[in-house]
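Note that our numbering has the sequence shown beginning at 1, numbered continuously upward.
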Amino acid sequence: MSTSWASCYVAAGLAHRSRSGRGLAFTTVSDHFLVPRPNTSPSISTSIAIYGQDVQFLKLSGLDGDFHFDRNKDLKLGVTQAYADIYLPFLKGTSVMIGSFQTPLENAFNPPNWFATHTYGFQHGPAKHVGALAQTRVASGPAGHFSVDYGVVLGWNDWDNRNKNLDFIGGLRWRSADMRTWVDLEAIYGNGENDFGPAPGRGGSPYFALSSTGKYLGRLSSFLTVSHSLSPKFQVAMEASYGQQEAGDIAFVPWAITRKARWYGANLGARYSLSDKVSVNGRAEWFTDEQGAHALWAGVRGDVYAATGNVEYQLTPAIRLRAEARYDIHDGPGRLFDNYSKDQQLTGLLNAFFLF
């Protein structure tokens with residue numbers, strides 16, 4: 001017997017940006033990710049569609065990235081997730097997710113997410129996949145809970161799979177027996193040749209690597225996240241990320257990758273609950289893109305430093321309000337923000353989340 005359910009929510013927000021960049025501190029409409037976990041029912045189907053500005057970051061090349069009716073509009077429609085989650089009695093429990101789903105990589109915090117804006121590490125990784133991803137619980141006992149993720153996908157934000165290769169995605173996850181400490185090591189590796197989208201906001205990867213001979217150009221993206229609950233009121237989380245893209249040989253845009261590109265960074269976040277309804281969150285981040293390989297960086301290389309803070313109020317179990325401020329500084333040749341005219345930006349956000 002299969003069970004079907006729908007997780008629905010509405011997110012409304014007001015944002016003002018001073019010296020803002022082109023999506024460098026974008027907010028995701030999806031405030032949490034649905035990760036496959038063992039379930040008592042053998043099958044769960046999930047489908048989520050979102051309408052708004054930030055859907056452009058969640059489009060699939062060859063599917064909703066090819067919609068014509070909203071191509072030149074700020075508000076867009078996207079099918080962010082549509083998959084079946086099947087439970088199998090393998091080892092201590094295995095769930096298999098098949099379809100289109102948001103990436104399990106770089107989800108640093110147990111929902112609800114601590115921040116409205118995301119890190120540069122998140123920006124430099126994939127947003128969603130089409131394929132199959134399994135999670136198997138390997139061990140559970142006094143030494144903690146250990147599980148393994150493994151699967152194959154069509155690439156980064158990709159449906160049409162132009163280079164005809166599969167990406168391999170996996171992760172190692174450990175939870176302490178008391179669930180106070182979480183450790184996650186995640187990675188995806190595959191061919192990055194000719195897998196970029198047809199235009200901004202239409203899916204595909206943000207890295208432009210092209211070979212005149214169709215050579216396999218390996219790309220790696222990896223994340224290590226460690227979080228710990230110091231007390232019921234105080235939690236901290238650290239994340240480090242590393243990625244690289246092998247070089248192509250066609251410089252069809254100024255930021256095309258014609259020599260090996262690397263990007264990496266780290267961030268530290270903390271959350272403190274002032275009461276059952278009010279929490280404060282803070283995050284500090286350093287990140288570097290050695291060549292400005294990401295399409296949004298457009299060849300502007302260097303380091304970025306970001307500080308983020310917010311206050312969150314749980315008005316009711318279904319309504320959450322959040323005010324957030326973020327300050328970013330770029331250190332390197334060129335300028336990264338405000339159409340590449342500024343080297344710093346200030347972002348202010350007011351979010352209201354209605355869950356139903």
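The beta-carbon is built from N, C-alpha and C at its ideal position, and this holds for glycine as well. All of these numbers come straight from a predicted model, not from anything done at the bench.
_For F90 and T258, I'd like the C-alpha separation in whole angstroms._
45 Å
Within the chosen definition, does the region 173-181 reach the region 211-221 through at least 3 CB pairs nearer than 8 Å? no
Tell me the DSSP secondary structure of L58 in three-state form. helix
Fill in: Expected contact under 8 Å - CB spacing of A134 and G151 to nearest Å
6 Å
Does the separation of the CB atoms of L363 and N157 fall below 7 Å?
No answer is possible for residue 363: the residues shown for the chain start at 1 and end at 356.
Query - Sequence-distant residues of its chain with Cβ nearer than 7 Å to R301 (five each side left out) - result: D289, E290, Q291, G292, G332 and P333
Am I right that I169 and H129 are in contact with their C-beta atoms under 8 Å? What's the rounded C-beta distance?
7 Å
Here's a check: name, in chain order, each residue in its chain whose Cβ is nearer than 7 Å to the Cβ of F115, leaving out the five neighbours to either side.
N281, R283, T308, N310 and E324
**OP:** Note down, in chain order, each residue of its chain lying with its Cβ closer than 6 Å to the Cβ of S227, except the 5 sequence neighbours on either side.
**Re:** W182 and A237
**OP:** Report the rounded CA-to-CA distance for G155 versus S275, giving the unit in angstroms.
**Re:** 43 Å
Are there 16 or more other CB atoms within 10 angstroms of the CB of T316, so buried, or fewer, so exposed?
exposed
request  = Run the CB neighbour count on N339, radius 10 Å, all protein chains shown included, and call it buried at 16 or more, exposed below.
outcome  = exposed
message: Given a cut-off of 7 Å on the beta-carbon distance, is the pair V138 and V148 in contact?
response: yes
Put T146 into one of helix, strand or coil per three-state DSSP. According to the sequence as given, residue 146 is Phe; it is not Thr. Reduced to three states, the DSSP call for F146 is strand.
CB contact flag (L321, A270, <7 Å): no
- Task: Report the three-state DSSP secondary structure of G121 (helix, strand or coil).
- Result: helix
For a minimum of 4 consecutive residues, which ranges assigned as the alpha helix (DSSP H) are wholly contained in the region 165-240?
none
- Query: In chain order, what residues of the same chain have a beta carbon less than 6 Å from the beta carbon of Y189, not counting five sequence neighbours either side?
  - Reply: F168 and L220
Beta-carbon separation of H124 and W297 under 7 Å? no
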